[in-house]
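Using full-length UniProt numbering, count along the sequence shown one by one with no gaps and you end on 409.
Notes to accompany the following structure.
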Amino acid sequence: MNMILAVVGIVVAVVALIAVSVWMQKSRKKDLDKALDRSGAQTVGARSGTGQPKAAFESVAESAAESKPESSGTSGTGTSEPASEPEQPEPIKTAKALDAPESVGSRMTRLKAKLAGSANPFGKALFNILAKDNLSEDDWQDVEDTLLLADVGAEASERLVEELRTDARVTGKADASEVRAALRDKLLDVVGLDTDRRLNADKEGANKPSVIIMVGVNGTGKTTTAGKLARLFVADGRKVVLGAADTFRAAAADQLETWGARVNVPVVRSDKDGADPASVAFEASAKAKADNADVLIIDTAGRLQNKANLMDELGKIRRVTEKNLPVDEVLLVLDATTGQNGMAQAKVFAEAIGVTGVVLSKLDGSAKGGIVVSVQKELGVPVKLVGLGEGPDDLAPFDPEGFVDGILD
Ligand SMILES: Nc1nc2c(ncn2[C@@H]2O[C@H](COP(=O)(O)OP(=O)(O)OP(=O)(O)O)[C@@H](O)[C@H]2O)c(=O)[nH]1
Ligand SMILES: [Mg+2]
């Protein structure tokens, strides 16, 4: 009996020891994280807010991006950032070493080459069909199908083929290069060659600070694009503030902070999981105003339970921000790889907050960028930027000619 009691006693003591050491490790890690925050990211703690109940934020069932692994959102920048390895003390040093964002000229040359070099099955298929001498009914159907597969959308594909068939150059049995040129012209027409695609912050007489709110379903690339955009503005000599109004999980603010720290851009955040995103937006806009920044970029959460929730939250973020500064731009980030499914999401966001421009992300991983045509038509706003990779400078203004050549080449 005594033996049993002694054994039980030893077991209890060992368990207690393990518990104490785990607790000590955790509190050490917390201290380390705090030290990191203070030294690296120039974080400004936001007012703690009203603490939104977590249950109000659950996954959006309709999201095509929903099936993406959680890690893609959290460690998400794809650039092996220190934020994904909080155990190591080294990030204190690395967080201080600032990046020099790539210059506009070199970035454009590199990204154009990248877009042109991406393998495009649709271009080859179209070229093979259009190179024939006599196009049969089936061939024309194939042209339409190929456009559909590239996500140009049913209505636009049908109209394009109809117009092409009645085009004199084509019916006159001109050579393949003329047919291709005719299709190129028509595609350019549909995409909109002369549309003004500048960010509102870049237009003459823009507000200072100019406010940009990033919206979109989770996993589309909002945070990454906010980070890349901040770099673009920094490279252009502008003063930027970032607001982490995705309070759904702390990792989201950490991710944004990592981007900010690399180019010395302050990030306004709340340390409380589930804090009121609108209160972060309020603090961020107050700081941007007080600092006389040129641009404020506010990142938001992508996962809201339903449309009413989304309307509620985004509407509140907008209203509260506007107490300090007018909102100049709402950028909807759409994942090019989700194709036409993205359209349903786009409409919901447009209704919830109003959208002034679209960022088509992950165009590097998809030949399906044809969604450009339908999204512009449905929302009546231009695609302004494209994401061409996970790298920090893989963001470019949308270039209709480069884009159309990407489909055709
Ligand atoms: N290949 C490629 N990957 C991208 C691009 N933009 C973003 N990503 C990746 O997509 C993943 C999700 O990006 P996030 O920026 O975290 O997406 P988010 O919309 O902020 O996600 P939530 O905060 O969860 O709503 C990350 O792994 C990014 O690196 C792009 O243009 N090309
Ligand atoms: Mg995010």
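Don't be surprised by glycine CBs; every beta carbon is placed ideally from N, CA and C.
Owing to the predicted nature of the structure, the values given are computational and were not obtained by experimental measurement.
| Query | Result |
| --- | --- |
| Spatial neighbours of A253 within its chain, please: C-beta separation below 6 Å, excluding the five flanking residues on both sides. | A244 and R269 |
| Comparing C-alpha positions only, which one of N324, V358 and K228 sits nearest to D291? | N324 |
| Examine ligand 2 and report whether any of its heavy atoms sits within less than 7 Å of the Cβ of D273. | no |
| Restricting to Cα atoms, I'd like to know which of D394, R159 and N200 is closest to V190. | R159 |
| Kindly identify the DSSP beta-bridge partner or partners of I212. | I297 and E329 |
| Going by alpha carbons, who is nearest to L379 out of P209, V320 and G354? | G354 |
| Which partner residues does G387 have in the DSSP bridge list? | L395 |
| With a threshold of 6 Å on Cβ separation, who are the neighbours of D31 within its own chain once the five nearest residues in sequence on each side are excluded? | For D31, the predicted model reports a pLDDT of 43, less than 50, meaning its position is unreliable; a value from the coordinates is still stated below. The answer is none, since no qualifying residue turns up. |
| Would you give the residue range spanned by the alpha helix (DSSP H) that G315 belongs to? | K307 to T321 |
| What's the C-alpha gap between A154 and L148? | 6 Å |
| So is the beta-carbon of T223 under 7 Å away from any non-hydrogen atom of ligand 2? | yes |
| In whole angstroms, what separates the C-alpha of L242 from that of G365? | 27 Å |
| Is V348 closer than 8 Å to L360 when the C-beta atoms are compared? | no |
| If I'm right that L256 touches G227 with Cβ under 8 Å, what's the distance once you round it to whole angstroms? | 7 Å |
| For D273, which residues from the same chain have a beta carbon less than 6 Å from its beta carbon, with the 5 sequence-adjacent residues on both sides left out? | A250 |
| Should D138 be labelled buried (16 or more other beta-carbon atoms within 10 Å of its own) or exposed? | exposed |
| Return yes when the Cβ of V381 is within less than 8 Å of the Cβ of R184, no when it is not. | no |
| Roughly how far, in whole angstroms, is the beta-carbon of E329 from the beta-carbon of T356, given that I think they are within contact range, below 8 Å? | 5 Å |
| Taking all protein chains shown into account, do 16 or more other C-beta atoms lie within 10 angstroms of the C-beta of D194, making it buried, or fewer, making it exposed? | exposed |
| Please return the same chain residues whose Cβ sits closer than 7 Å to the Cβ of A103, not counting the five positions on each side in sequence. | Residue identity differs from the one stated: residue 103 is Ser in this sequence, not Ala. Result list for S103: A235, in chain order. |
| Does any heavy atom of ligand 1 sit closer than 7 Å to the C-beta of T220? | yes |
| Which class does S285 belong to by DSSP, given the choice of helix, strand or coil? | helix |
| Is it the case that the CB of D299 approaches a heavy atom of ligand 2 more closely than 7 Å? | yes |
| Between Q345 and ligand 1, is there a pair consisting of the residue's CB and a ligand heavy atom that are separated by less than 7 Å? | no |
| What residues in its chain sit with their C-beta under 7 Å from that of K132, if we drop five residues either side in the sequence? | D139 |
| Identify the continuous beta strand (DSSP E) that holds A350 and give its terminal residues. | From DSSP, A350 is part of no beta strand (DSSP E) but of the alpha helix (DSSP H) over N341 to I353. |
| Tell me which residue opens and which closes the beta strand (DSSP E) that G357 is part of. | G357 to S361 |
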